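> The working numbering puts the sequence shown at residues 8 to 388.
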Amino acid sequence: MKLTSYGRSLHELNILKDQGFEEVILEPKSLSRFGKLSKDEFLALSMRAKELGLRVLLEWDILMTEDVFTAKLKEVNDYVAHADAVRVQDPGAFGWVVRNTDRPLQFIAENGNHNLPALEGWVDLAKGRLERLILSIELSKTAIEGYVQKLKVPCELLGMGRILLFYTPRPLLSALAPEKMTMNGEIAALGESEESPHKGFPIVENAHGTFMFHIKEFCLVDFAHELRQMGLGFFRIDQRWDNQLLAEISGLVKNFDATGFETFKEKYTQDLMRGFYLVNKTDVLFPKLKNSRLQKREGDYIGEVLEAEKGSHLAIMVKNPKGLKKTDLLKILHPKGEIFESKIYSLRNLSLEEVDSVAAGNLAIIQFIGGVWVKSQVFYQ
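See the structure below:
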C-alpha cells in the first residue's frame, strides 16, 4: 500500500519526498474544488516534483455545468501536458480525458458509487485507461475489502482528513459577510445546527461554491495495517488545511505505534472518527423508534426540550393537559437513549417570571441539566 497526498509548496514537496511518497496531487485553482495554485505555480511545482522523482497527479475535481465545462477546456490542456495522470469526478471530464488525451485516468468515485456494478461500469467506460478508483469513506470495511479484491484496478481511500458533508455551487457566505473575502477569493467560517447542539462545522466558500465539513475528521491511521493486508493500493492523507503533521501521520501509517498514536491524537486540533468503516449504523435507531414512550406520548409524557443553554436553562414545550408543576419530578429521555432524572429547582414562564406551574401549550423554563440536548423528551417520574 502506497501513500498519496497533496502539495501546495516546495516545502511540502520536500516533505513528501523525505517521507517516501512516490507521487503528489497538484490542484490548480481553476480546476480543483479546493485548489490554490495559479497556472505558473502549478507548472513550477510540477517541474520540481519530477526533479524529485515524484509522479504528478492533476486534480480536476470540480463539478461543471455545460458553460463552465466549455470554458475550462480552453486551459485544461496546459495542465494535462505537465501531468502524469488526471484525477476527475465529473462524468463529462471523465469522458473528455478518455477521448482527448493519452494520460492515465483516476476516477473519484466518493459520491454516489457505493455498489460494485457502478464501480465496474467506470472501469469499462475508461477502455483500459483507468489506473485507479478512489472509493467512498461511506463504505464499510467488508465492502472495501470485497471491492478491492474484485475490481480490476487499484483502489484509493481517504485515510486521514476532512469529511465533506454538504456542497452547493451557490456562494452562501459572501452574501452574509462580503467583507470577509480573502485575497485568494475564499471565505472560511464555522457553522452550527439549529436542530442539535452540534456546532463548529468548518465552512468554506470559494469560486466553485460553498462546502461544509464534519466537526470531526476521518481517520483510519490505526487501521492502515489492516487496509494494507486486504490489498488497498493507496492510502490518502489530506492535510490541506494544516500540513504541519503530515510527516508524523505518514510515519504512523508506515510503522504504527499505539502509544505514539495516542500522543498524536492529544495534540491534533480536531476530534477523529472512523465513519462507517467498522459498523454500519443504518439500523441503530430502530430500537429507539420502538420505545413505547416515544411512540405513545401520552399519560406521563410532558413535552419536548426546544432549547438547551449550557449553564443557564432548558426550555420545554409543555404538551400534557396536566401542565408542569414545580413539585413534579422529571425523567428526561435523550435522543441517544440516555435517561436523566431531576427535580425542578427553578420554574419560569416565557416572561422569565418564577411560577409554581406552567399550563399545556406554553414554554416552561427550568434549570439546565447537564447532558440534556434539544429534542430530548420529558416525562413525569
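For every residue, glycine included, the Cβ atom is placed at its ideal position computed from N, Cα and C.
Model, not experiment: these values are computed from the prediction.
What residue range does the alpha helix (DSSP H) around Pro124 cover?
Position 117 of the sequence shown holds residue 124. Here the alpha helix (DSSP H) through Pro124 covers Leu123 to Leu132.
> For Gln384, report the span of its alpha helix (DSSP H) as first-last.
As a position in the sequence shown, residue 384 is number 377, starting the count at 1. Element bounds for Gln384: not the alpha helix (DSSP H) but the beta strand (DSSP E), Gln384 to Tyr387.
> So, is Pro35 buried or exposed, given that buried needs 16 or more other C-beta atoms within 10 angstroms?
Within the sequence shown, the letter at position 28 stands for residue 35. Buried, since its Cβ has 16 or more Cβ neighbours within 10 Å.
> Relative to the C-alpha of Gln384, which candidate in His320, Asp307 and Gly368 has its C-alpha closest?
The residue you call residue 384 lines up with position 377 of the sequence shown. With distances taken between Cα atoms, Gln384 lies closest to Asp307.
> To the nearest angstrom, how far is it from the Cα of Gln96 to the Cα of Ser364?
On the sequence shown, position 89 is the one that residue 96 refers to. On the sequence shown, position 357 is the one that residue 364 refers to. If I take the Cα positions, the gap works out to 59 Å.
> Distance, Cα to Cα, Glu152 vs Leu33?
Here the question's residue 152 lines up with position 145 in the sequence shown. Here the question's residue 33 lines up with position 26 in the sequence shown. Taking the straight line joining both Cα atoms gives about 28 Å.
> For Glu314, which residues in the same chain have their Cβ closer than 8 Å to its Cβ, ignoring the five residues on either side in sequence?
Mapped onto the sequence shown, residue 314 falls at position 307. Here the set comprises His320, Leu321, Ala322 and Val381.
> Here's a check: name, in chain order, each residue in its chain whose Cβ is nearer than 6 Å to the Cβ of Ser299, leaving out the five neighbours to either side.
Along the sequence shown, read from residue 1 onward, the residue named residue 299 stands at position 292. Per-residue confidence for Ser299 stands at a pLDDT of 48, beneath the threshold of 50, marking its modelled position as unreliable; no derived number is given.
> Do the stretch 221-229 and the stretch 256-267 meet, that is, are 3 or more Cβ pairs less than 8 Å apart?
Yes, the stretch 221-229 touches the stretch 256-267.
> Buried or exposed: Ala78, going by 16 or more other Cβ atoms within 10 Å of its Cβ?
Here residue 78 corresponds to residue number 71 of the sequence shown, with the count starting at 1. Ala78 comes out exposed.
> From Glu30 to Tyr13, what distance separates their C-alpha atoms?
Start at 1 with the first residue of the sequence shown, and residue 30 comes out as number 23. Start at 1 with the first residue of the sequence shown, and residue 13 comes out as number 6. Cα-Cα distance, rounded: 9 Å.
> Measuring alpha carbon to alpha carbon, tell me which residue in His89, Met71 and Ala265 is nearest Glu58.
Translated into positions along the sequence shown, residue 58 becomes position 51. Nearest of His89, Met71 and Ala265 to Glu58, Cα basis: His89.
> Extract the residue ranges of the beta strand (DSSP E) inside the stretch 33-92, only unbroken runs of 3 or more that lie entirely within it.
Counting whole runs of 3 or more residues, the stretch 33-92 contains the beta strand (DSSP E) stretches 62-67.
> Would Thr270 be called buried (16 or more neighbouring beta carbons within 10 Å of its own) or exposed?
Position 263 of the sequence shown, counted from the start, is the residue given in the question as residue 270. With fewer than 16 Cβ atoms within 10 Å of its Cβ, Thr270 is classed as exposed.
> Can you tell me whether DSSP reads Lys223 as helix, strand or coil?
In the sequence shown, residue 223 corresponds to position 216, counting from 1. If DSSP states are grouped into helix, strand and coil, Lys223 belongs with coil.
> What are the residues that DSSP puts in a beta bridge with Tyr275?
If you number the sequence shown from 1, residue 275 lands on position 268. In DSSP, Tyr275 forms no bridge with anything.
> Do you know whose CA, among Ile372, Glu316, Gly344 and Phe347, lies nearest Met324's CA?
Here residue 324 refers to the residue found at position 317 when the sequence shown is read from its first residue. When only C-alpha atoms are compared, the closest one is Ile372.
> Which first and last residues belong to the beta strand (DSSP E) in which Pro209 is found?
Start at 1 with the first residue of the sequence shown, and residue 209 comes out as number 202. Here the beta strand (DSSP E) through Pro209 covers Lys206 to Asn213.
> What residues in its chain sit with their C-beta under 6 Å from that of Thr175, if we drop five residues either side in the sequence?
As a position in the sequence shown, residue 175 is number 168, starting the count at 1. Counting only Cβ-Cβ distances below 6 Å, and skipping sequence neighbours, we find Gly216 and Thr217.
> By the DSSP assignment, the beta strand (DSSP E) with Phe241 in it spans what residues?
Numbered from its first residue, the sequence shown carries residue 241 at position 234. Phe241 to Ile244 is the span of the beta strand (DSSP E), which, as asked, contains Phe241.
> Using 9 Å as the threshold, is the C-beta distance between Asp249 and Met167 below it?
Indexing the sequence shown from 1 puts residue 249 at position 242. Indexing the sequence shown from 1 puts residue 167 at position 160. No. Outside cutoff.
> Please report the Cβ distance between Ala116 and Ser147, rounded to the nearest whole angstrom; I am assuming they are in contact, meaning their Cβ atoms lie under 8 Å.
Along the sequence shown, one-based indexing puts residue 116 at 109. Along the sequence shown, one-based indexing puts residue 147 at 140. Their Cβ separation, rounded to whole angstroms, is 16 Å, which puts Ala116 and Ser147 out of contact at 8 Å.
> Under a three-way DSSP split, which group does Ser349 fall into?
Working through the sequence shown from its first residue, we reach residue 349 at position 342. In this structure, Ser349 counts as strand in the three-state DSSP scheme.
> Which residues in the same chain have their Cβ closer than 8 Å to the Cβ of Lys272, if we skip the five residues on either side of it in sequence?
One-based indexing of the sequence shown puts residue 272 at position 265. So the list reads Leu279, once near-sequence residues are dropped.
> For Asn120, is the classification buried or exposed, using 16 other Cβ atoms within 10 angstroms of its Cβ as the cut-off for buried?
For the purposes of this step, residue 120 is taken as the residue at position 113 of the sequence shown. The residue in question, Asn120, is buried, as its Cβ has 16 or more Cβ neighbours within 10 Å.
> Looking only at C-alpha atoms, which of Gln251, Ile376, Asp109 and Lys343 sits nearest to Ala316?
The residue labelled residue 316 in the question sits at position 309 within the sequence shown. Note that residue 316 corresponds to Glu in the displayed sequence, not to Ala. If we check each option's Cα against that of Glu316, Ile376 comes out closest.
> What do you get for Glu391, buried or exposed, if any count of 16 or more other CB atoms within 10 angstroms of its CB means buried?
As shown, the chain starts at 8 and ends at 388. That puts residue 391 outside it, with no answer to give.
> For my contact list, Glu66 and Ser37 are in at a C-beta cut-off of 8 Å; report their separation, rounded to the angstrom.
For the purposes of this step, residue 66 is taken as the residue at position 59 of the sequence shown. For the purposes of this step, residue 37 is taken as the residue at position 30 of the sequence shown. No, Glu66 and Ser37 are not in contact; Cβ-Cβ is about 12 Å, not under 8 Å.
> From the DSSP output, in three-state form, read off Arg106 for me.
Numbered from its first residue, the sequence shown carries residue 106 at position 99. In this structure, Arg106 counts as helix in the three-state DSSP scheme.
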